[in-house]
Every structure is written in structure tokens, then in C-alpha cells.
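All residue numbers for the sequence shown refer to the working numbering, where the first residue is 2 and numbers rise by one.
These notes concern the structure reproduced below.
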Amino acid sequence: MHKDNNTTRRKVLFVVPSKVHLLDINGPAHIFYEAKEYGADVDLHFVTPTIENKVTSSAGLIFSDLIHFSEFQLTDRDFIFVPGIYFSLLQNSHFIKNCTPFFEWLSIQNNKRVHICSVCTGTFLLAESGILERRSCTTHWKRLETFKKRYPKIDVKDNRLFVIDDNVYTSAGISSGIDLALYILEEKFGSKIAVDVAKEAVIYFRRGEFDPQLSIYLQYRNHLEERIHNAQEFIIQNIHRSFNISDIAEEVHMSSRNLTRLFKKTTGITIHLYTEKLRVEKALNLLSEKNKIELIADECGFKSVSQLRVVLNKYRKHLPDF
């Protein structure tokens with residue numbers, strides 16, 4: 002049985018299944034590594050959910066000398082991270098069967114109120130263990146519908162970075178696994194260490210539980226219309242100033258009427274709404290960094306602080322005081 006010399010330190014177990022996605026595990030692991038460097042009372046361990054102590058990741062990198070999960074006695078102070086894996090493996094009945102002892106162990110840890118966290122499709126493994134039944138969770142946006150059909154008794158949340166339901170934390174993907182790790186640091190060790198670690202890892206803006214999975218900068222770009230991509234780039238680069246549709250149309254060599262029609266057809270939203278969403282996201286980022294409201298209004302292309310307040314209140318019910 003694995004025992005620490007210092008029993009007061011929190012154990013953080015990173016489960017390493019076959020075909021694990023590297024950043025799903027390395028992202029949160031690095032955050033906790035940096036936290037330990039800054040004095041957090043944590044010890045990191047990498048464990049196998051099966052009898053294999055040598056595992057090949059989805060990218061081909063090999064993990065070896067992994068510790069079997071059963072070697073650990075955990076308490077409600079400890080954490081388990083279950084990362085995403087190659088999706089076809091989650092549909093492999095042989096793999097799922099081989100994980101049965103791990104699932105049973107995970108259920109026991111849940112009853113002991115150990116903090117259990119998943120990244121990306123790792124949520125599927127938590128669901129297979131039974132610990133998510135009648136709970137809320139999230140997973141990668143591409144797998145939401147599959148998850149809903151496979152586990153109808155689980156309340157899966159759309160477009161959420163991470164969801165916390167009691168002692169179980171589920172996150173949507175690679176970057177949100179890092180966001181979740183930073184959130185846990187802030188929750189358990191205080192804001193200062195979370196800020197220090199975020200700066201050390203060059204992550205200056207930490208997203209919260211209710212932020213969407215996809216940034217507005219990534220949304221509405223899944224198309225092949227070059228003129229609309231150019232229009233979107235113009236809007237992003239000029240978001241700090243006032244401009245109109247004619248300015249965009251001139252930039253992309255189209256008439257205002259044709260641009261308006263093609264933009265809506267290609268992206269599904271209007272130029273006005275797209276621009277407003279960009280301004281709101283930038284404003285919320287600047288708010289999170291404690292910038293002055295007057296500066297934020299100016300940097301985001303709003304005519305006044307009053308206009309900024311009105312627009313923000315359309316998008317967020319729970320805004321920070323400003």
C-alpha cells in the first residue's frame with residue numbers, strides 16, 4: 002500500500018489509461034507541479050487503471066513504471082484526475098471490462114468524498130463507474146450528443162468549461178482542464194498561489210465555471226469563405242474603434258449589401274451581433290484583470306461606460322461590480 006511520509010500532504014493522482022491524450026493529463030499535472038514549486042502541500046502520482054504499468058498515449062509517447070491505483074489510500078483532501086482518451090477505445094467493450102476494478106475503486110473513493118476530476122472524454126470513464134448518475138457534468142462539445150444518448154440519467158451541460166457537482170468536477174477539454182486545475186488551486190490554496198501559477202505558466206486570464214467552451218474568437222470560423230474570414234479579421238483587429246459595415250465592405254472589396262447577406266449566410270449571425278459578441282468577450286477579459294471601466298469601454302469600442310454596461314448586462318446575469 003502506498004503511503005506518504007507526510008500524511009498531511011494532499012495526494013493528486015493522474016490516471017494514465019491506454020491511448021491517453023497527452024495534454025489532457027499534462028496540462029493539469031503541470032499546474033499542480035507549479036503549485037508544488039510555489040509551496041502547495043501536494044504530491045503528484047501517475048497511476049494505471051488496469052494491470053498495465055506501461056501505456057502508450059494517443060500520440061505515441063510511452064508512460065512506464067506507473068503505479069497501480071489500488072496502491073493508494075485516499076481521503077477527502079485528495080484529488081483524482083481522469084483524462085480523455087482515444088474515443089474509439091471508449092466504445093471497446095474489452096477495454097471497459099478491463100477497467101471494471103478501477104471503476105469499482107473510483108466508486109469507493111467517491112463515497113469517501115475524494116475530489117474526482119475528469120478532462121474531456123474522461124467524463125465517459127466517470128460515467129462508466131456510475132458516480133455521475135443523477136449528477137450534472139460536461140464533456141467535449143463534439144461528444145455531448147453521444148454522451149446524452151449513452152447516459153440518459155446523467156444531466157450533461159452544454160457549452161460549459163467545467164461543471165462542479167459536490168466532490169465531482171468535470172471539464173470540457175484540454176484548456177478547460179487547465180482552467181479547472183487553476184480553479185481548484187484558488188479554491189483550496191487561495192487566490193495568490195493560483196495567480197502565481199497562472200503567471201508562471203503564462204496563463205494570464207483564468208476562465209470560470211460558467212464561461213463557454215468556445216471563445217467567440219473561435220466560433221463562427223468553421224467555413225471556407227475567404228472574404229468572410231477577411232471581414233472577421235478586420236473586425237477583430239479594429240474592435241477598439243468605431244467602424245461600420247461600409248468600412249468592412251471596402252476592406253474585403255464587396256458591396257455592403259452583399260457582405261451583409263453573405264456574412265449571415267456563412268456564419269449564421271449578423272455582422273452587428275458578431276461584433277457585439279467580440280466586444281463583450283474582450284470587455285469581460287479586461288474586467289477580470291481589474292482594469293478601470295472607462296479604459297475597458299474605450300478599448301472595446303464602446304461610445305461610453307453607459308453603453309458598455311447596457312451591452313454587458315445583455316450577456317451576463319452575474320457580473321462583477323464595476
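Cβ atoms here follow ideal geometry from the backbone N, Cα and C, with glycine treated the same way.
| Check | Outcome |
| --- | --- |
| Which of helix, strand or coil does DSSP assign to I62? | Correcting the residue type first, residue 62 is Leu in the shown sequence and not Ile. Reduced to three states, the DSSP call for L62 is coil. |
| Can you tell me which of N111, Q238, S176 puts its alpha carbon nearest to the alpha carbon of T140? | S176 |
| Please say whether T171 and C138 have beta carbons closer to each other than 7 angstroms? | yes |
| Can you give the Cα-Cα distance for V306 and E188, rounded to whole angstroms? | 32 angstroms |
| Which value, in whole angstroms, describes the spacing of the CA atoms of K315 and E105? | 45 angstroms |
| State yes or no: is the C-beta of S257 within less than 7 angstroms of the C-beta of S247? | yes |
| Determine the DSSP secondary structure at T271, reduced to helix, strand or coil. | coil |
| Rounded to whole angstroms, what is the Cα-Cα separation between F33 and H230? | 38 angstroms |
| Rounded to whole angstroms, how far is the Cβ of T268 from the Cβ of H224, which I believe are closer than 8 angstroms? | 7 angstroms |
| Classify N27: buried if its beta carbon has 16 or more other beta carbons within 10 angstroms, exposed otherwise. | buried |
| Along the beta strand (DSSP E) that carries Y170, what are the first and last residues, could you check? | 169-172 |
| Excluding the five sequence neighbours on either side, which residues of its own chain have a C-beta within less than 6 angstroms of the C-beta of R152, listed in chain order? | In the sequence as displayed, the identity of residue 152 is Tyr instead of Arg. For Y152, where only same-chain residues beyond five positions count, the Cβ hits under 6 angstroms are A128. |
| Are the beta-carbon atoms of Y87 and I194 separated by less than 7 angstroms? | no |
| I need the straight-line Cα distance from K20 to L62, nearest angstrom please. | 9 angstroms |
| Roughly how many whole angstroms lie between the Cα atoms of S94 and E226? | 42 angstroms |
| Please say whether H31 and T49 have beta carbons closer to each other than 7 angstroms? | no |
| Quick one, which of G123, H22, S130 has its alpha-carbon nearest P102's? | S130 |
| If contacts are defined as beta-carbon pairs under 8 angstroms, then K37 and L75 qualify, I think. What distance do you get, rounded to the angstrom? | Incorrect: roughly 18 angstroms between the Cβ atoms, too far for contact. |
| Tell me which residues share the same chain as D5 and place their Cβ nearer than 8 angstroms to its Cβ, disregarding the 5 neighbours each side in the sequence. | Bear in mind that the predicted position of D5 carries a pLDDT of just 46, short of 50, making it too unreliable to give a figure here. |
| Look at D180 and P84 and say whether their C-beta atoms are less than 7 angstroms apart. | no |
| Among I165, N160, W142, E146, which has the Cα closest to the Cα of L133? | I165 |
| Rounded to whole angstroms, what's the CA-CA distance from V157 to H273? Just pull it up for me. | 31 angstroms |
| What are the residues that DSSP puts in a beta bridge with T57? | I63 |
| Please name the residue in P29, A41, N286, H22 whose C-alpha comes closest to that of G191. | A41 |
| Would you report the Cα separation of L279 and N286, rounded to the nearest angstrom? | 11 angstroms |
| For T139, does the three-state DSSP call read helix, strand or coil? | coil |
| To which residues does DSSP link C100 through a beta bridge? | According to DSSP, which records beta bridges pairwise, C100 is partnered with nothing at all. |
| Could you tell me the distance, in whole angstroms, from the CA atom of L145 to the CA atom of L91? | 14 angstroms |
| Apart from the five residues just before and just after G123, which ones in its own chain have a Cβ nearer than 6 angstroms to its Cβ? | V83, P84, G85 |
| Where does the unbroken beta strand (DSSP E) through S243 begin, and where does it stop? | Premise fails: S243 is in no beta strand (DSSP E) and is neither H nor E. |
| Less than 7 angstroms between the beta carbons of L309 and A298, yes or no? | yes |
| Can you check which of these residues, E201, E282, L296, is closest to L313 by C-alpha distance? | E282 |
| Which of the three DSSP states is assigned to S177 in this structure? | helix |
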